[in-house]
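First the structure, in the form of structure tokens, and then the observations on it.
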């Protein structure tokens, strides 16, 4: 499968997650996407988004609302939304969670479901989502 097809599949999986009870198709649920073997370890999600220029204000408000709620969650260590300084339509969402269970609880929250479901109207292209684990030194 090509990289573009992989990104499209990841994008499609995000928007189908409400219809997938086990959420096994979500990019961050795939166990082969990380070498981190300890499910109690911290994890980081990075989402790179390309926002339609005419949707930037609406996206910013939706992202702000989601971020304010998410930051209150006990398992959320960091939830930040950044824009490229020269290209404000290029967005990076950086999330850091105490563990897998915290991320799973987050994904059950109504505001998280609503934000994820709303992304389709803002996106100019499929997002790239990475699930990261800290390197052990």
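Residue numbers (UniProt numbering): 1 to 137. Every residue, glycine too, gets a C-beta built ideally from N, C-alpha and C. Keep in mind the model is a prediction, meaning the values are calculated, not measured.
Among the candidates the options, whose CA atom is the shortest distance from the CA of residue i?
{"i": "residue 63", "options": "88, 93, 105", "result": "93"}
{"i": "residue 105", "options": "52, 60, 70", "result": "70"}
{"i": "residue 98", "options": "75, 110, 119", "result": "75"}
{"i": "residue 50", "options": "81, 72, 102, 67", "result": "81"}
{"i": "residue 79", "options": "103, 58, 41, 114", "result": "103"}
{"i": "residue 44", "options": "101, 111, 117, 126", "result": "101"}
{"i": "residue 57", "options": "133, 125, 119", "result": "119"}
{"i": "residue 89", "options": "121, 133, 41, 59", "result": "59"}
Using a 10 Å radius around the Cβ and a threshold of 16 neighbouring Cβ atoms, would you call residue i buried or exposed?
{"i": "residue 87", "result": "exposed"}
{"i": "residue 26", "result": "Note that residue 26 scores 43 on pLDDT, short of 50, meaning its location in the model is unreliable and no value can be drawn from it."}
Who are the near neighbours of residue i in its chain, counting only those whose CB is closer than 8 Å to its CB and skipping five residues on each side?
{"i": "residue 136", "result": "none"}
Leaving aside the five residues before and after residue i along the sequence, list all residues of the same chain whose C-beta is less than 6 Å from its C-beta, in chain order.
{"i": "residue 83", "result": "91"}
Practice prompt. Run through the UniProt domain "ABM" (43-132) for me and flag every whole alpha helix (DSSP H) of 4 or more residues, listed as ranges in chain order.
Written response: 56-70, 100-108, 110-118
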